[in-house]
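These notes concern the structure reproduced below.
Here is the structure:
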């Protein structure tokens with residue numbers, strides 16, 4: 001083989017030895033791909049965790065929505081019951097007020113009866129006096145006058161007892177009316193509180209429903225992102241495998257080039273000794 005040709009091959013093999021740097025570059029690339037794959041894998045795990053948490057939150061929000069709806073139903077029943085109670089209390093207060101009025105009317109009638117009893121007692125007294133004046137002829141009339149006086153006295157006693165009972169009834173009805181008025185005011189306040197709770201629960205229910213919808217959207221987006229991240233991870237794995245194959249081929253090429261370069265130098269030295277001879 002001519003010396004210039006051998007030298008040409010020698011220089012070419014020396015240039016090919018530069019591929020060692022390319023091999024090292026491929027190794028660095030493999031390391032970077034591994035790091036990227038690890039980062040993508042960790043991101044995939046984080047995104048999947050976000051998706052699971054979002055789904056769990058959505059379920060919790062759904063449970064909260066159900067509980068809020070149940071609370072709204074109870075509050076509505078409470079409002080209805082309070083309305084009914086308030087109406088009944090007002091009706092009862094009206095009836096007790098009418099009873100108090102009737103008791104006052106009874107008191108007026110008792111006043112009339114008492115007056116009649118007093119007049120009857122006076123008439124019986126006058127009749128007894130006249131019978132005493134008449135002597136034996138008026139003895140029978142005197143007995144009747146005494147009976148009338150006794151009846152008037154019993155009437156006065158009964159009237160006083162009835163008046164006392166009516167007074168007690170009036171006092172009781174007045175207390176009952178006052179209590180009913182207080183219960184009516186309390187029922188009105190309770191009704192206002194229940195209606196306010198109903199409005200608050202309605203707002204809370206709407207907010208929880210909105211949060212539930214947002215959580216579902218977040219869960220869906222996180223699942224899609226996790227799917228994309230898994231695809232990226234698989235692609236990186238494929239790239240890493242191809243890069244590893246390229247690194248192995250480049251290493252083999254580099255080793256062969258190094259051996260050929262060494263062989264070329266040996267041949268060049270041998271040819272040089274023949275030329276000097």
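Numbering (UniProt numbering), first residue to last: 1 to 277.
Cβ atoms here follow ideal geometry from the backbone N, Cα and C, with glycine treated the same way.
Keep in mind it's a predicted model, so treat the numbers as computed, not measured.
_If the criterion is Cβ atoms closer than 8 angstroms, does the pair residue 198 and residue 110 meet it?_
Walking along the chain shown from the start, residue 198 turns up at place 198. Walking along the chain shown from the start, residue 110 turns up at place 110. The answer is no: Cβ separation not under 8 angstroms.
*Taking residue 178 as the reference, give the member of 265, 100, 269, 45 with the closest Cα.*
Here residue 178 is taken as the residue at index 178 of the chain shown, counted from 1. That would be 100, whose Cα lies nearest to the Cα of residue 178.
_Within a Cβ cutoff of 6 angstroms, which residues of the same chain sit near residue 117, ignoring the five residues on either side of it in sequence?_
The residue given as residue 117 occupies position 117 in the chain shown. The residues 152, 155, 156, in chain order, have a CB closer than 6 angstroms to that of residue 117 in the same chain once the five nearest residues on each side in sequence are set aside.
*Going by beta carbon distance, what residues of the same chain come within less than 7 angstroms of residue 232, once the five residues before and after it are set aside?*
The residue you call residue 232 lines up with position 232 of the chain shown. Answer for residue 232: 40, listed in chain order.
*Are there three or more Cβ pairs, one per stretch, closer than 8 angstroms when the stretch 155-170 is compared with the stretch 69-83?*
Because the criterion of three Cβ pairs below 8 angstroms is not met, the stretch 155-170 and the stretch 69-83 do not touch.
_With the cut-off set at 8 angstroms, would you say residue 222 and residue 50 are in Cβ contact?_
In the chain shown, residue 222 corresponds to position 222, counting from 1. In the chain shown, residue 50 corresponds to position 50, counting from 1. Yes, these two residues count as a Cβ contact at 8 angstroms.
*Separation of residue 189 from residue 182, as counted between CA atoms*: Taking the chain shown and counting its residues from 1, the one referred to as residue 182 is at position 182. Taking the chain shown and counting its residues from 1, the one referred to as residue 189 is at position 189. So the two alpha carbons sit approximately 11 angstroms from each other.
*asked:* Closest to residue 121 by C-alpha separation, out of 164, 158, 145, 47, would be which residue?
replied: Residue mapping note: residue 121 aligns to position 121 of the chain shown, counting from 1. Of the listed residues, the one whose Cα sits closest to residue 121 is 145.
*Leaving out five residues on either side along the sequence, give the residues of the same chain with a beta carbon under 7 angstroms from the beta carbon of residue 225.*
If you number the chain shown from 1, residue 225 lands on position 225. The beta carbon of residue 225 is closer than 7 angstroms to those of 47 in its chain, skipping five residues each way along the sequence.
_As a quick exercise: from 236, 184, 192, pick the residue whose alpha carbon is nearest that of residue 88._
To locate residue 88, count along the chain shown from 1; it is residue 88. Of 236, 184, 192, the smallest CA-CA separation from residue 88 is found for 184.
*Decide yes or no for the touch test of the stretch 119-136 against the stretch 89-97: beta carbon pairs closer than 8 angstroms, at least 3 of them.*
Not touching, per the Cβ criterion.
_If contact is defined by three or more beta carbon pairs under 8 angstroms, each pair taking one atom from either stretch, is the stretch 56-65 in contact with the stretch 209-221?_
Contact between the stretch 209-221 and the stretch 56-65 is present, because at least three Cβ pairs lie under 8 angstroms.
*Whole-Å CB distance - residue 33 paired with residue 240, under 8 angstroms assumed*: The residue given as residue 33 occupies position 33 in the chain shown. The residue given as residue 240 occupies position 240 in the chain shown. Rounded, the Cβ-Cβ distance is 5 angstroms, consistent with contact.
*Pull up the CB-CB distance for residue 176 and residue 106, whole angstroms please, since I reckon it's below 8 angstroms.*
Residue numbering aside, residue 176 sits at position 176 when the chain shown is read from its first letter. Residue numbering aside, residue 106 sits at position 106 when the chain shown is read from its first letter. With a Cβ gap of about 17 angstroms, residue 176 and residue 106 do not count as contacting.
*Could you give the uninterrupted runs of the alpha helix (DSSP H) lying entirely in the stretch 71-96, keeping only those of 4 residues or more?*
Fully enclosed alpha helix (DSSP H) runs of 4 or longer: not present.
*Please name the residue in 227, 265, 259, 269 whose C-alpha comes closest to that of residue 44.*
As a working mapping, residue 44 is identified with position 44 in the chain shown. Closest in C-alpha terms to residue 44, from the list 227, 265, 259, 269, comes 227.
*Roughly how many angstroms separate the alpha carbons of residue 70 and residue 202, rounded to a whole number?*
Taking the chain shown and counting its residues from 1, one reaches residue 70 at position 70. Taking the chain shown and counting its residues from 1, one reaches residue 202 at position 202. So the alpha carbons of these two residues sit roughly 11 angstroms apart.
*How many Å lie between residue 108 and residue 133 at the Cα?*
For the purposes of this step, residue 108 is taken as the residue at position 108 of the chain shown. For the purposes of this step, residue 133 is taken as the residue at position 133 of the chain shown. Going by the C-alpha atoms only, they are around 38 angstroms apart.
*How many Å lie between residue 6 and residue 252 at the Cα?*
Residue numbering aside, residue 6 sits at position 6 when the chain shown is read from its first letter. Residue numbering aside, residue 252 sits at position 252 when the chain shown is read from its first letter. Per-residue confidence for residue 6 stands at a pLDDT of 46, beneath the threshold of 50, marking its modelled position as unreliable; the derived number appears in the next sentence. In this model, residue 6 and residue 252 are separated by some 23 angstroms (Cα to Cα).
*For residue 236, is the classification buried or exposed, using 16 other Cβ atoms within 10 angstroms of its Cβ as the cut-off for buried?*
Residue mapping note: residue 236 aligns to position 236 of the chain shown, counting from 1. Residue burial annotation: residue 236 is buried, with at least 16 other C-beta atoms found within 10 angstroms of its C-beta.
_At the level of alpha carbons, what is the spacing between residue 113 and residue 162?_
Looking up residue 113 in the chain shown gives position 113. Looking up residue 162 in the chain shown gives position 162. Cα-Cα distance, rounded: 11 angstroms.
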